[in-house]
Every structure is written in structure tokens, then in C-alpha cells.
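Going by my numbering, the final residue of the sequence shown carries number 142, and the count climbs one at a time with no gaps. We put the CB at the ideal spot given by N, CA and C, even for glycine.
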Amino acid sequence: MITIDLAETIFVGCLLIGGGLLLLTILLDDILGGVLDFLHLDLNLGGVSLMPILLGFVSMFGVGGLIGTRVFDLGPGGASLVGVTAGALGGGLVAFIFNFLKRAEAPDAFGLRDLVGQKGRVVVGIRAGLSGSVDVSFA
Numbered sequence: 004m005i006t007i008d009l010a011e012t013i014f015v016g017c018l019l020i021g022g023g024l025l026l027l028t029i030l031l032d033d034i035l036g037g038v039l040d041f042l043h044l045d046l047n048l049g050g051v052s053l054m055p056i057l058l059g060f061v062s063m064f065g066v067g068g069l070i071g072t073r074v075f076d077l078g079p080g081g082a083s084l085v086g087v088t089a090g091a092l093g094g095g096l097v098a099f100i101f102n103f104l105k106r107a108e109a110p111d112a113f114g115l116r117d118l119v120g121q122k123g124r125v126v127v128g129i130r131a132g133l134s135g136s137v138d139v140s141f142a
């Protein structure tokens, strides 16, 4: 029979809560249009929000703590040190991945000031007083 003490319960809770919220942030944040914005803090680290880094730390703290207790047979203090080390590595990895993805995003091709005065081709007929779409090309 498997027994779980208080330290392991805390590690499992950190793993489930941190990992679950991180997964929701990664998968659903763009799809739901910012429904999960309450998870983001106003601090940015090089263009990366602090919340995914913290969630990565918390979830990896749980993983490291469980590895410390189950694999290395450490007590709560030693397992917590393993958890902090794993959490720091996990948070750093999340920061690196998010920063890489942020830099990989395509920049805006041109701004509004670049478009003023340019020649365009009307794709759909626009009636007076209404909006339409134009194709602007730089020649």
C-alpha cells in the first residue's frame, strides 16, 4: 500500500496546480482571447510575463520534491532542496522557451505611417461612406 505524508501531499499539490495552470496558460490563453489574464502579473522579464515562469517553478518544485522523497528517499528538507533546484531549472527553461517564442514571432510588416500615401488596389467595391478592403503594395 502506498502511503503519502504531508510533504508528498504538498509536492503533489504544487505539481498539479502549477502544472495545470501552466498548461492552461500555454494552450488556452491565445485561443480564449485573454480570459486567463488574471494569472498574469504586471512584471515582465525581457518581454516574458512572470506568471508562466512562476508556474513552471511551482510545478517543477513539485516534481523535484517527489523525486527527492520517492527516488532518493530524502526527508522533507532534502526533498525541498531538490525541489527548489528542479524548480529553478524548470522556471529558467520556461523563461527560455517563452523568450524564444516571443522573439520568433513575426514583426509587423509595416505600420500605419508606412501606408499613408501609398498606391492601393481595391479588392471589393466600396460604397461611399462604408468600409472596405484594399491591397497595398510597395513598388
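Limits of the unbroken alpha helix (DSSP H) element including residue i
{"i": "residue 91", "result": "79-107"}
{"i": "residue 27", "result": "9-31"}
Test item: CB-CB of residue i and residue j under 7 Å
{"i": "residue 86", "j": "residue 59", "result": "no"}
{"i": "residue 62", "j": "residue 22", "result": "yes"}
{"i": "residue 81", "j": "residue 65", "result": "no"}
{"i": "residue 98", "j": "residue 56", "result": "yes"}
{"i": "residue 14", "j": "residue 68", "result": "yes"}
{"i": "residue 51", "j": "residue 101", "result": "yes"}
Cβ distance (whole Å) where residue i is taken to contact residue j below 8 Å
{"i": "residue 135", "j": "residue 129", "result": "3 Å"}
{"i": "residue 54", "j": "residue 28", "result": "7 Å"}
CB contact check: residue i to chain C, cutoff 7 Å
{"i": "residue 121", "result": "No chain C appears in the structure shown, which is made up of a single protein chain."}
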